[in-house]
Amino acid sequence: MSLLLWDELAAIWQSGDFRGAHDWINERWSRTVQESPQGDTDPFARFLQGIAFAALAFHFAGEQNGESAAIFVEDGLSTLSRFPLSYAGVELAPIIDALAELRHGLPAAGSGLPIPPVISGVRALRFAGRVVQ
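Structure (structure tokens):
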């Protein structure tokens with residue numbers, strides 16, 4: 007996927023529209039699954055799925071939906087941890103770090119406490135060799 011296409015995602019991601027980012031990623035995931043002989047086991051499809059899980063975790067955290075955020079934090083960490091820290095031109099360490107920070111900050115289920123904002127660089131989608139802000 008060209009950096010130009012990643013720039014489309016970066017603009018959505020940096021705006022904080024993580025639901026929109028998920029939708030953008032999901033379109034590409036669906037196309038990859040349909041076009042790859044490996045289907046949903048295609049490594050790039052799994053990578054996209056991990057990024058989509060992260061986007062949903064951040065979206066649900068912003069909506070103060072801790073139960074859904076917790077599910078997608080775990081799914082994102084599980085999926086993205088299988089890839090090198092730079093994959094397909096995207097630096098995964100900031101995303102993984104932000105997911106870990108979110109997991110650590112999630113209040114206990116049913117506590118009624120708000121989800122604190124993730125203060126790491128979650129909005130700075132980084133590409134190998136450059137940062138888009």
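First residue of the sequence shown? That's 7 in the working numbering, and the numbers climb one at a time after it.
The beta carbon of each residue, even a glycine, is placed where N, CA and C say it ideally should be.
Cβ distance (whole Å) where residue i is taken to contact residue j below 8 Å
i   : j   : result
F66 : F53 : Not quite, the Cβ-Cβ distance comes to about 21 Å (not below 8 Å), so this is no contact.
F64 : F24 : 4 Å
Beta-carbon gap between residue i and residue j smaller than 9 Å
i    : j    : result
F89  : L98  : yes
L108 : V124 : yes
Q70  : I121 : yes
G68  : L112 : no
Close beta carbons around residue i, own chain, < 7 Å, minus the five adjacent residues each side
i    : result
A132 : One point to set straight first is that residue 132 is Arg, not Ala, in the sequence displayed. Only E97 and P100 meet the Cβ criterion.
T85  : R52, Q55, G56 and F59
A76  : L112
L9   : For L9, the predicted model reports a pLDDT of 49, less than 50, meaning its position is unreliable; a value from the coordinates is still stated below. Around L9: G95 and F133.
G118 : none
S74  : F66
Close-in-space but distant-in-sequence residues of the same chain around residue i (CB under 6 Å, 5 per side omitted)
i   : result
I31 : L54, I57 and A58
D46 : V39
L11 : none
G22 : none
Nearest to residue i (by Cα), restricted to the options the options
i    : options                  : result
G26  : A61, A134 and A104       : A61
D29  : D81, L15 and P49         : L15
L105 : A115, G116, A114 and D81 : D81
Neighbourhood of residue i by C-beta, 8 Å cutoff - its chain only, sequence neighbours within 5 removed
i    : result
A134 : S92, G95, V96 and E97
W35  : A51, L54, Q55 and A58
S87  : I102
Distance cut-off 8 Å: residue i Cβ against heavy atoms of the ligand PLP
i    : result
S117 : Among the components of this structure there are no ligands whatsoever, and the ligand PLP is therefore not found.
9 Å Cβ cutoff, residue i in contact with chain C
i   : result
E97 : The chain inventory of the structure shown lacks chain C, comprising one protein chain alone.
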